[in-house]
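Here the structure comes first, spelled out in structure tokens, and everything after it is commentary.
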Amino acid sequence: MQIFHRSTNTISRVSVFGAVFFVAFLGWLMDAVNRSPYVTQQHVARVQPVQFSHAHHVGGMGLDCRYCHTTVERSAFANIPPTKTCMNCHSQIWNQSPEIAPVQESFRTDKSIEWVKVYDLPDYVYFNHSIHVAKGVGCETCHGRIDKMPLVAQHPTLEMSWCLDCHRAPEKHLRPRDQIFTMGYVPAGDQEVIGERLKAQYHIRPSNELTECWTCHR
Amino acid sequence: MSAERKPPGVAVDASKLEALRGREYWRSLEELARTEDFQEHLHREFRVPVPMDGGLDRREMLTLMGASMALAGLTGCVRQPEERVFPYVRPPEESVVGEPLYYASAHLHGGYARGILVESYEGRPTKIEGNDLHPSSKGGTDVFAQGFLLNMYDPDRSQTLTERGEIRAWSSFIAAVKLALERDRSAGGRGAGLRFLTGTVTSPTLLQQLQDILAAHPDAKWTSWEPVGRENAMEGARLAFGEPVEARYRFDAADVVLSLESDFLGTGPDMPRLVRDFAARRRGKGSNRLYVVESTPSPTGAKADHRRPMAPREIEAFARAVATQLGALPSGVSGVGASAAGAAPGNAPDPFAAAVVEDLKAHRGASLVIAGESQPAHVHALAHAMNEALGNAGKTVDYTEPSAGAPLTSQSATLPELVADMAAGKVGFLVIVGGNPVFDAPADLEFGKAMDKVDLRVHLGLYEDETSRLCHWHVAQAHELESWSDARSMHGAVTILQPLIAPLYDGRTAHEVLAAFTEQPDKTAHDIVKDYWKSRLATTGGGADLDTAWRTALHDGIVKDSEFKAKDVRVDSSALEAKIQNPKSKTEAEPAGLTLLFRPDPTVWDGRYANNGWLQELPKPLTKLTWDNAAMVAPSTAQRLGLQTEDVVELTLDGRKVLAPVWVLPGQSESCVTVHFGNGRARGGRVASGAGFDAYALRTTGALWSGAGLQLSKTLRRRTLATTQHHHSMEGRGLIRSVTADQYAADPRIVAKLGEEPPGPTDTLYPKLPTGSYAWGLSIDLSTCVGCNACVIACQAENNIPVVGKDQVTRGRHMQWIRIDRYYTGGLEAPDTLFQPVTCMHCEDAPCETVCPVAATSHSAEGLNQMVYNRCVGTRYCSNNCPYKVRRFNFYLYSDYTTEVLKMVRNPEVTVRSRGVMEKCSYCVQRINHARYAAEKENRPIRDGEIVTACQQACPAQAIVFGNVSDPDSAVSKVKSEMRTYGLLTELGTRPRTTYLAHLSNPNPKLGGAARPAGEGEHGHKDDV
């Protein structure tokens, strides 16, 4: 009397053995999803209320980052420019364009333009722009080729491991202070050598201190 | 609390006390008595075992845990919601988004200004700091200045103008006022029925407005009522000098101080300055000496080198005796003679009084006698006479005109006069400008009842409270931080209050309400204040143009040279003697029974801060009681009446009754019971409701500060009191150390000898950690700490520390990162009291770090013991392993995540903690990082003194010093190099970075002070134990 078919043996072996792989696969899948742009929003261009193009303003016209993001050297937060900054030029040029209408609307009604935050760090991360800029971290290092982005997308994953890559070995990413706002910077020589020199010159703290919890969390 | 706990008075027997070896410290009566209860709870981390409040059984618990575990992983898969950024349209001047700005303004304490600097993030005030340019602050603050910020964000504040509960527009209020005034005018009136009731007014602009209105309505009257008034002090000055003057004490020049129930180190408009000056002298080489006689223990009494509990009438007798012996009263003998001085009538002259007299005489011109606000005018006058006889006038004290505005005599009315007029129907229009008289006016006046007879009643107030309920119009008041105004300090220094934020609600200032009575009813507070100063600033501003002078005054927080000059006044001692020759008969008659003393609450003051969670949960300096007030009785009295702490008694005074829980308070005068007024609000808001009992119900015009003939009867009820004094006990090790200045001078190593030897630097199992360029450390001076709690509230505001409520406090779950331990030493009736603020010690070898299974607490190279909230899984092992019990756990979601307005008070530089994570003092790491960014951007090291922690900034005594201990020239290193530096539990090898400077007392050798060895209890008034 054979209740189960012979193949059941194989099936059960495969499923018992396979379950291990299946669980591992599920784990891998969840991790992969979690690291995918679907969750991290990496490289996902955001639709903004104003069709503002960095490619045009930075790449085409060569505006300095600090013309708009004025507080980047002084504050933790690199400000989104006030409407007034847009209107400095656009009260004169392209002022008939429908693209400018939301800006004019904001200026007229005194209501902020609601920009969508592209680089949204978790609330327990206390990132400070000014210190990174002062220590030789270029805009491009984290924000990518802004001068080629019509709509801005998040360049890195913004995972903690990405932050730590640099905090563990800052010499791989440092550039001279006069090149901070340069887009498409190419080191004049071996980056490792330049990086080590700049690290000493800018008194960058040793990596064991840069990777302490309270450097970023508090 | 076990029900069978013995009454402390019974359990403590004298033999046990005498058997104490060495100078032992105790923190509660139960500890002293070594009750079993106490022993048991010593071994628990929390006072009450952690219960599961939902009543879960084990199976349900496991089921839920399993489900949570299974689902926990999913929380990591949530995509962050899209966030928006709202930039300015036109950016305001000077603002750098993300960086705070500081504005000078003032906090009004009973009407008197104390200078503050307010931190503002993008237009949100988030933190109060002291203003060192202001003479009443000198950079320090007190709990009220720190706490009043939360009142502004209080969601219970009244939010709009109402008439009989209906929302109205401002214009209809103006119309109503106009109508009432016109009706009066058409009746040929001169404002006969018009009455204004204010608190103490020091605002020059408001005074001008009031005077203008009174001039236009010659029969109108103005009453000023403050529950904690300075009438006695003013009357005393009038007795002594013939005119009301305000004494300006200079404790930094006084070597010997006698306080007659004055709590100058505890509360008061000038407290930050007085504490700073006193601490400066104490820190100096020739340490000062403080004698205190008082009926109820106060922080000032705790700092005394010699404290003597006395009944109120004994204090007056004592003052007379001392004054007579100092020659302040010419003929020498007065009604109550020297023999009555002190606690031993009929005996030979009291050695205590004699020693005080001798000490004062030996320090002519460098001594001070100060009388408290609760003392009768006679005692104030005597204190003035003594200062003059000692040659102190002009040296340690001078006199200025009072800055509280007095109405023209013909148009002023006292509160009883006003109420009499109201009851007689003579008042047609009552305008209550701030304050809450229905709650805080003397009970015998029955203010609320008299209100019924007034035709039109207007109330301006922050809350819809007891008074507004009985008024037709309620005008929502703008908070001080939302208002343009001005105010004087105790001694005249003018601060122009500038708003930090536009009114959150439809709030109006007193200026705008009074403007409704003038020809320009729509004038804004800004214009009113600026117009007033337009003509005056130019003259005081040193010739600068108005705009510069105005901006300078706003920037500095003080109008230049506005402080009053000293007045030349003399005490006419023979006239004074005649005036106070016959003390009132009631002081002579020996009242049988108990005296009830009324004092303002140390944390909610006269009731105005009752709805402030920070202040309600702040442990009161001596009782460590939160969320309640109590009837405080002496241990011997409690024993005699069979009372114990938490028993509810009925207090009857003059036929008025109130139910109050008992608190047995060591050091209380045995013939007195003390109650704090301010709690027990009927309509105070959500926080205030249920907190304490209303002591105002017993306070009458004849007994504002003390009432004789108190009947006290025990009921069968008990009320749980939430105290923090039991929590985190430290088991009698050498934690608090106190020696006399002489002992320390003779052998500086004495402080180290009071504790166990720490192990050597290499005797450790902990791995050696890398060191950084800085090593942060903190030093706290126990000699100058007055236990005022300013640091606790400053820390709470800076670090987004939540309020947990009474129930959680009774379970030992209060969250303040700093606690101030209060220790007693000596007998029950007159113990010495010591305060010790305890922060995280930031141990170099930290026991908490090794036990964390998820490395959520770790060590930084600069010696910070880092706590990472987002890693913490809430095992609480760290707290178990912390020998100092300074870690706090979020058992529930204590932080308010839902009330929108409370989000605005939070410091954006510090994480708001959620449920299930541990937290603790961080040495204000956000301030360290901020200073580091500034320094590194300029390519320089962090300067000494550049980092000021929140507790250090707030401390009026400058007892807290923070800095880099690896730099031998830093201020903190210098302080720590003193021989009286010691660490807590260093014998465990924790190597704490927070250290203490041992308490140095300076007792008078003639009173047995020098004979007291470091380790011996004294002051044993044990005869009645």
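Protein sequences appear in the order of chains C and P.
All residue numbers for the first sequence refer to this note's numbering, where the first residue is 1 and numbers rise by one.
All residue numbers for the second sequence refer to this note's numbering, where the first residue is 10001 and numbers rise by one.
For each residue, glycine too, the CB sits at the ideal point set by N, CA and C.
Going by DSSP, Lys84(C) is part of the alpha helix (DSSP H) stretching over Thr83 to His90. Residue-level contact check: Asn95(C) does not touch chain P, since none of the beta carbons of chain P fall below 8 Å from its beta carbon. Here Ser10895(P) is near Pro10802(P), since their CB atoms are less than 8 Å apart. Judged by beta-carbon spacing, Asp10156(P) lies within the 8 Å limit of Tyr10463(P), meaning their Cβ atoms are closer than that value.
According to DSSP, Cys10672(P) shares a beta bridge with Thr10595(P). Between Ala10366(P) and Lys10395(P), the gap from beta carbon to beta carbon is short of 8 Å.
Proximity of chain C to Asn10939(P) at the Cβ level (cut-off 9 Å) is accounted for by Ala134, Tyr202 and His203, in chain order. In this structure His10474(P) is buried. Its beta-carbon is surrounded by 16 or more other beta-carbon atoms within 10 angstroms. Each residue's CA atom was taken as its position, placing Gly10229(P) and Gly10110(P) some 8 Å apart. Judged by DSSP secondary structure, Gln10211(P) falls outside any beta strand (DSSP E) and instead within the alpha helix (DSSP H) spanning Pro10204 to Ala10216.
Across the structure, Leu10651(P) and Ser10738(P) are spaced so that their CA atoms are roughly 38 Å apart. A check of alpha carbon separations from Gly10734(P) across Tyr10982(P), Leu10618(P) and Val10569(P) identifies Tyr10982(P) as the nearest.
Contacts between Thr71(C) and chain P, judged by CB atoms closer than 8 Å, involve Val10096, Val10097, Gly10098 and Glu10099 in chain order.
DSSP places Phe10196(P) in the uninterrupted beta strand (DSSP E) bounded by Leu10194 to Thr10198. Residue nearest to Gln10208(P) within the set Leu10514(P), Ser10483(P) and Val10965(P) is Leu10514(P) (criterion: CA-CA distance). The beta-carbon distance between Cys10951(P) and Ile10960(P), rounded to whole angstroms, is 5 Å. This is short enough to meet the 8 Å contact definition. When C-beta atoms of the stretch 10121 to 10132 of chain P are compared with those of the stretch 10905 to 10917 of chain P, three or more pairs fall below 8 Å, so the two segments count as touching. For Pro10847(P), the enclosing alpha helix (DSSP H) starts and ends at Pro10847 to Val10851. A Cβ-Cβ distance of about 4 Å is found for the pair Trp10663(P) and Ala10630(P), placing them in contact under the 8 Å criterion.
Taking Ala10237(P) as the centre and dropping the five residues before and after it, the same chain places the C-beta of Pro10244 and Val10245 closer than 6 Å to its C-beta, in chain order. Interface annotation, Phe10889(P): not in contact with chain C, CB-CB separation never under 8 Å. For Met149(C), the closest alpha carbon among the candidates Tyr126(C), Glu99(C), Met183(C) and Gln191(C) is that of Met183(C). Taking 8 Å as the upper bound for CB-CB distance, Asp10506(P) and Ala10476(P) are in contact here, some 6 Å apart.
Assigned with DSSP and collapsed to three states, Asp10506(P) falls in coil, not helix or strand. Thr10994(P) does not reach chain C, its nearest Cβ partner there being about 17 Å away, counting only Cβ pairs nearer than 7 Å.
Rounded to the nearest whole angstrom, the C-alpha separation of Ala10691(P) and Pro10619(P) is 13 Å. At least one beta carbon of chain P lies nearer than 8 Å to the beta carbon of Asn208(C). Between Asn10870(P) and chain C, the shortest Cβ-Cβ separation is below 8 Å.
With fewer than 16 other beta carbons inside 10 angstroms of its own, Phe25(C) counts as exposed. Gln10411(P) carries a helical assignment under DSSP once its states are collapsed to helix, strand and coil. For Gln10866(P), the enclosing beta strand (DSSP E) has its first and last residue at Asn10865 to Met10867.
The secondary-structure analysis by DSSP pairs Asp10647(P) across a beta bridge with Arg10718(P).
Nearest to Glu10829(P) by C-alpha distance, out of Ala10855(P), Ser10636(P), Ser10224(P) and Ala10741(P), is Ser10636(P). For Pro10770(P), the chain C residues whose C-beta falls within less than 9 Å of its own C-beta are Pro206, Asn208 and Glu209, listed in chain order. By the CB criterion at 8 Å, Tyr126(C) and His217(C) fall inside the cutoff. Within the stretch 102 to 125 of chain C, the residues whose Cβ lies closer than 8 Å to some Cβ of chain P are Ser106, Phe107, Asp110, Lys111, Ser112, Ile113, Glu114, Trp115, Val116, Lys117, Asp120, Pro122, Asp123 and Tyr124, listed in chain order.
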